[in-house]
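Order-wise, the sequence lines are chains A and B.
Here my numbering = 1-based position in the first sequence + 35.
Here my numbering = 1-based position in the second sequence + 84.
We treat Cβ as the ideally placed atom computed from N, Cα and C, and that holds for glycine.
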Amino acid sequence: DQQVKQNSPSLSVQEGRISILNCDYTNSMFDYFLWYKKYPAEGPTFLISISSIKDKNEDGRFTVFLNKSAKHLSLHIVPSQPGDSAVYFCAASGARGGADGLTFGKGTHLIIQP
Amino acid sequence: GAGVSQSPSNKVTEKGKDVELRCDPISGHTALYWYRQSLGQGLEFLIYFQGNSAPDKSGLPSDRFSAERTGGSVSTLTIQRTQQEDSAVYLCASSDKLAGTDTQYFGPGTRLTVL
């Protein structure tokens, strides 16, 4: 039973345009959400997070939106750059009552086309 | 400062052997986590330490897996009698949970191959 779902295994976007990565979750106990970026043969790198008390968090080119009623969050990258090509993981915490291993989606491979 | 480090970066072993993976968290981080990523899958939570204690061992896939943390710093993940399905990238993360943040910072991982 997958509690965090990233339904698009891959996404191709032209350089300079907006990249939108989506994530859905099923567990209403989640109260903190994160996006990580991963290059091959490296560990995930933290990008941006959002608490469930907010609906938007922005950091430079990255914005995360949270829609609690729909149990949906998205990551917007604008403008997209070639170095953004990587696998992006959505993750959530809070469902274990403080013993918080993150629950991850399976990732979306973002490809930025020149 | 230095990030999370893990060793070895790669480990090839024969089925039935024991392996030990090491994680050195970010200095001062009280919380430490182990995950694994099998081919084509997302990261799977294994175990979490707060200080030296592990309040949540629910993610360990079998009793062949164990982990310890000493001195509130370095952790080792031990897999006994390895099986081919144990082949995966094992990732360690740490966070400054006492500062009230759940943001976890990951090491580069150990790629384990069981032949």
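Tell me the DSSP bridge mates of residue 97 of chain B?
Within the second sequence, numbered from 1, the residue matching residue 97 of chain B stands at position 13. Beta-bridge pairing links residue 97 of chain B to B/198.
How about residue 124 of chain A: is its C-beta nearer than 8 Å to some C-beta of chain B?
To locate residue 124 of chain A, count along the first sequence from 1; it is residue 89. Yes - at least one Cβ of chain B is within 8 Å of the one on residue 124 of chain A.
Is it right to say residue 178 of chain B is buried, meaning 16 or more other beta carbons lie within 10 angstroms of its own, or is it exposed?
For this step, residue 178 of chain B is matched to residue 94 along the second sequence. By the 10 Å Cβ count, residue 178 of chain B comes out buried.
In terms of residues, what are the limits of the beta strand (DSSP E) holding residue 139 of chain B?
Counting from one through the second sequence, the residue named residue 139 of chain B turns up at place 55. 137-140 is the span of the beta strand (DSSP E), which, as asked, contains residue 139 of chain B.
On the criterion of 16 or more Cβ atoms from any shown chain inside 10 Å, does residue 191 of chain B qualify as buried, or is it exposed?
Residue 191 of chain B sits at position 107 when you count from the first residue of the second sequence. The residue in question, residue 191 of chain B, is buried, as its Cβ has 16 or more Cβ neighbours within 10 Å.
For residue 174 of chain B, which option in B/168, B/193, B/189, B/99 has the closest C-alpha, if you only look at C-alpha atoms?
Here residue 174 of chain B is taken as the residue at index 90 of the second sequence, counted from 1. Nearest C-alpha to residue 174 of chain B: B/193.
Proximity below 8 Å, CB of residue 67 of chain A to CB of residue 54 of chain A:
Residue mapping note: residue 67 of chain A aligns to position 32 of the first sequence, counting from 1. Residue mapping note: residue 54 of chain A aligns to position 19 of the first sequence, counting from 1. Result no, Cβ atoms of residue 67 of chain A and residue 54 of chain A do not sit closer than 8 Å.
Would you say residue 141 of chain A lies against chain B (beta-carbon separation less than 8 Å)?
Numbered from its first residue, the first sequence carries residue 141 of chain A at position 106. Residue 141 of chain A counts as touching chain B.
Do we get a CB-CB distance below 8 Å when we pair residue 135 of chain B with the residues of chain A?
Taking the second sequence and counting its residues from 1, one reaches residue 135 of chain B at position 51. By this cut-off, residue 135 of chain B is not an interface position.
Sufficient close CB pairs (3 or more, under 8 Å) joining the stretch 139-150 of chain B to the stretch 86-95 of chain B
no
For residue 101 of chain B, count neighbouring Cβ atoms within 10 angstroms of its own Cβ and tell me buried if that reaches 16, exposed if not.
As a first step, residue 101 of chain B must be located in the second sequence, where it is residue number 17. Exposed.
Report buried or exposed for residue 122 of chain A, applying the criterion of at least 16 other Cβ atoms within 10 angstroms of its Cβ.
Along the first sequence, one-based indexing puts residue 122 of chain A at 87. By the 10 Å Cβ count, residue 122 of chain A comes out buried.
Could one say the Cβ of residue 78 of chain A lies closer than 8 Å to chain B's Cβ atoms, at least one of them?
Mapped onto the first sequence, residue 78 of chain A falls at position 43. Yes, residue 78 of chain A counts as interfacial toward chain B.
Relative to chain B, which residues along the stretch 41-74 of chain A have a C-beta separation below 7 Å, given in chain order?
67, 69
Within 10 angstroms of its Cβ, does residue 126 of chain B collect 16 or more other Cβ (buried), or is it exposed?
In the second sequence, residue 126 of chain B corresponds to position 42, counting from 1. Result: buried.
Can you tell me which of the three DSSP states residue 50 of chain A falls into?
What you label residue 50 of chain A is simply residue 15 of the first sequence in a count that begins at 1. In this structure, residue 50 of chain A counts as coil in the three-state DSSP scheme.
Between the CA atoms of residue 102 of chain A and residue 25 of chain B - distance to the nearest angstrom
This structure does not reach residue 25 of chain B, given that chain B is present from 85 up to 199, and the question cannot be answered.
CB of residue 114 of chain B within 8 Å of CB of residue 156 of chain B, strictly
The sequence position of residue 114 of chain B within the second sequence is 30, counting from 1. The sequence position of residue 156 of chain B within the second sequence is 72, counting from 1. Yes, these two residues count as a Cβ contact at 8 Å.
Residue 89 of chain A: buried (16+ other C-beta within 10 angstroms of its C-beta) or exposed?
Sequence index remark: in the first sequence, residue 89 of chain A carries index 54 (1-based). Counting Cβ neighbours within 10 Å, residue 89 of chain A comes out exposed, since fewer than 16 surround it.
If residue 140 of chain B sits next to residue 129 of chain A, beta carbons under 8 Å apart, how far is it from one beta carbon to the other, in whole angstroms?
In the second sequence, counting from the first residue as 1, residue 140 of chain B sits at position 56. In the first sequence, counting from the first residue as 1, residue 129 of chain A sits at position 94. Actually they are not in contact, since the Cβ atoms of residue 140 of chain B and residue 129 of chain A sit about 13 Å apart, beyond 8 Å.
Around the Cβ of residue 120 of chain B, are there at least 16 other Cβ atoms within 10 angstroms (buried) or fewer (exposed)?
Here residue 120 of chain B is taken as the residue at index 36 of the second sequence, counted from 1. Classification for residue 120 of chain B: buried.
Enumerate in chain order the residues of its own chain whose CB-to-CB distance from residue 168 of chain B is below 7 Å, with the five nearest sequence positions on each side excluded.
One-based indexing of the second sequence puts residue 168 of chain B at position 84. Cβ within range, chain order: 99, 198.
Between the alpha carbons of residue 104 of chain B and residue 60 of chain A, how many angstroms are there, rounded?
Residue 104 of chain B sits at position 20 when you count from the first residue of the second sequence. Residue 60 of chain A sits at position 25 when you count from the first residue of the first sequence. Rounded to whole angstroms, residue 104 of chain B to residue 60 of chain A spans 34 Å at the Cα level.
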